[in-house]
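This report concerns only the one structure given below.
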Amino acid sequence: MAVHKKYNRNAKVNALGRGLDALISTGTVSAQGSSTINEVPIDQIEANPDQPRREFDPVALEELANSIKQLGLVQPITLRQLDEHKFQIIAGERRWRASQLAGLTAIPAYIRTIKDENVMELALVENIQREDLNAIEIALAYEHLQEKSGLTQEKIAARVGKSRVAVTNYLRLLRLPAQVQMALQKKEIDMGHARALLSLSSPSQQIKLFHEIQKNAFSVRKVEELCQQLNNGEDIQTAKKKIAAKSKLPEEFNLLKKRLSNFFNTKVQMTYGAKGKGKISILFASEEELLHIMEVMDGLKQ
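Just so we're aligned: the sequence shown equals residues 1 to 302 in full-length UniProt numbering.
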């Protein structure tokens with residue numbers, strides 16, 4: 001085997017607080033490489049076709065490659081051996097790609113003996129643990145586990161240390177129109193935006209509101225309010241006007257807000273709703289500002 005043992009490490013690898021033993025049965029993983037870091041020729045390593053991560057930022061890869069040139073590869077990748085001179089990546093494809101760019105001929109790696117059906121699970125867990133995946137990549141990985149391994153949502157949740165509801169919410173993202181999924185994948189919108197859009201039954205409505213989110217940079221809360229109006233039968237423009245009217249303060253309250261802001265010498269927020277109910281918030285940016293507000297309020301008592 002074209003692998004040279006380098007040194008041992010006794011640290012236990014945990015997967016989302018459960019440990020890899022909870023993910024893979026004891027009989028699945030051999031002792032080989034479980035705590036030993038080996039140096040593996042880089043040209044004997046291949047990518048995993050079931051890798052959950054689909055995209056690699058070329059700029060980030062270059063930055064990592066430059067770091068590797070300076071410091072070497074600090075974090076070993078995880079491999080499984082396919083034959084005497086061939087290894088497949090379980091976790092660490094980004095580090096492998098960057099090491100190639102850095103011109104390394106061999107890299108440190110843990111080597112595990114894992115059954116085919118467990119590779120996807122382990123790759124998914126390690127990527128989630130490192131927070132390397134976007135929401136759509138996680139959703140696609142869960143879907144792949146369902147289809148390839150026949151796992152239920154409950155079993156997937158147990159394997160990756162998530163709640164069943166969390167797994168369901170990720171899978172629901174795959175019902176969104178392709179352009180919305182792409183925006184979520186590129187992190188142009190948040191998962192909260194996407195979940196709000198899922199409350200709309202019409203794909204055309206989802207796309208129209210998605211374009212409004214892009215155009216106006218709506219908050220998740222604003223999108224939730226718009227979805228509620230749309231589900232009540234309003235069109236987008238009417239829904240926007242209703243929400244704007246609802247949040248707009250009467251002129252006399254704007255004047256009061258300005259007076260309070262000047263009085264406390266800080267920003268003041270005010271909401272006013274139905275039946276005369278509302279809220280006044282006095283904001284401060286430091287302890288000094290808070291002390292000033294308290295002094296002003298104490299002065300009112302005298």
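Think of the CB as a built atom: it goes at the ideal place given N, C-alpha and C, for glycine as much as any other residue.
Taking the beta carbon of residue i as the centre, do at least 16 other beta carbons fall within 10 Å, making it buried, or is it exposed?
i       : result
Glu-52  : Reading the sequence as shown, one finds Pro at residue 52 and not Glu. With 16 or more other Cβ atoms within 10 Å, it is buried.
Leu-283 : exposed
Phe-56  : exposed
Met-145 : The sequence shown places Leu at residue 145, rather than the Met named in the question. With 16 or more Cβ atoms within 10 Å of its Cβ, Leu-145 is classed as buried.
Ala-178 : exposed
Leu-64  : buried
Leu-122 : buried
Gln-153 : buried
Asn-10  : Note that Asn-10 has pLDDT 37, beneath the 50 cutoff, so the model's placement of it is unreliable and the number below is only indicative. With fewer than 16 other Cβ atoms within 10 Å, it is exposed.
Asn-38  : buried
Gly-299 : exposed
Leu-255 : exposed
Lys-162 : buried
Leu-184 : buried
Val-180 : buried
Spatial neighbours of residue i within its chain, please: CB distance less than 7 Å, with the 5 preceding and 5 following residues excluded, ordered by chain position.
i       : result
Tyr-142 : Ile-156, Val-167, Tyr-170 and Leu-171
Ala-217 : none
Leu-176 : Ala-194, Leu-197, Leu-198 and Gln-206
Phe-253 : Met-270 and Tyr-272
Ser-40  : Strictly speaking, residue 40 in this sequence is Val, with Ser absent from that position. Excluding positions up to five away in sequence, the list reads Val-3, Leu-79, Phe-87, Ala-106, Ile-107 and Ala-109.
Ile-213 : Ile-189, His-193 and Val-223
Ile-293 : Phe-264, Thr-266, Ile-282 and Phe-284
If residue i and residue j are in contact, beta carbons under 8 Å, what's the gap, nearest whole angstrom?
i       : j       : result
Leu-73  : Ser-99  : 6 Å
Lys-242 : Gln-229 : 6 Å
Asn-231 : Leu-200 : 7 Å
Leu-226 : Phe-210 : Wrong, their Cβ atoms sit about 11 Å apart, outside the cutoff.
Leu-173 : Ala-135 : 6 Å
Leu-140 : Arg-94  : About 17 Å; that fails the 8 Å criterion.
Return the chain-ordered list of same chain residues with a C-beta closer than 8 Å to the C-beta of residue i, the five sequence neighbours on each side being excluded.
i      : result
Trp-96 : Ile-42, Ile-45, Ala-47, Ile-77, Ile-89 and Ile-107
Lys-69 : Ala-102 and Gly-103
Sort the options by Cα distance to residue i and report the nearest one.
i       : options                               : result
Arg-159 : Ala-91, Arg-175, Val-119 and Arg-195  : Val-119
Glu-224 : Ile-138, Met-191, Pro-49 and Leu-256  : Met-191
Leu-260 : Lys-240, Gln-237, Met-297 and Lys-222 : Met-297
Lys-186 : Glu-137, Lys-208 and Ser-219          : Glu-137
Lys-257 : Ile-280, Ala-239, Thr-238 and Ser-202 : Ile-280
Phe-87  : Leu-71, Ile-114, Ile-189 and Ser-67   : Ile-114
Pro-250 : Gly-276, Lys-240 and Leu-71           : Gly-276
Asp-50  : Ala-244, Ala-91 and Leu-71            : Ala-91
Arg-54  : Gly-278, Gln-237 and Met-182          : Met-182
Considering only residues of the same chain and omitting the five flanking positions on each side of residue i, which have a CB-CB separation below 6 Å?
i       : result
Asp-235 : none
Lys-215 : none
Contact the region 76–86 vs the region 107–126: 3+ CB pairs below 8 Å:
yes
Are the region 280–296 and the region 257–270 touching, with three or more C-beta to C-beta distances below 8 Å?
yes
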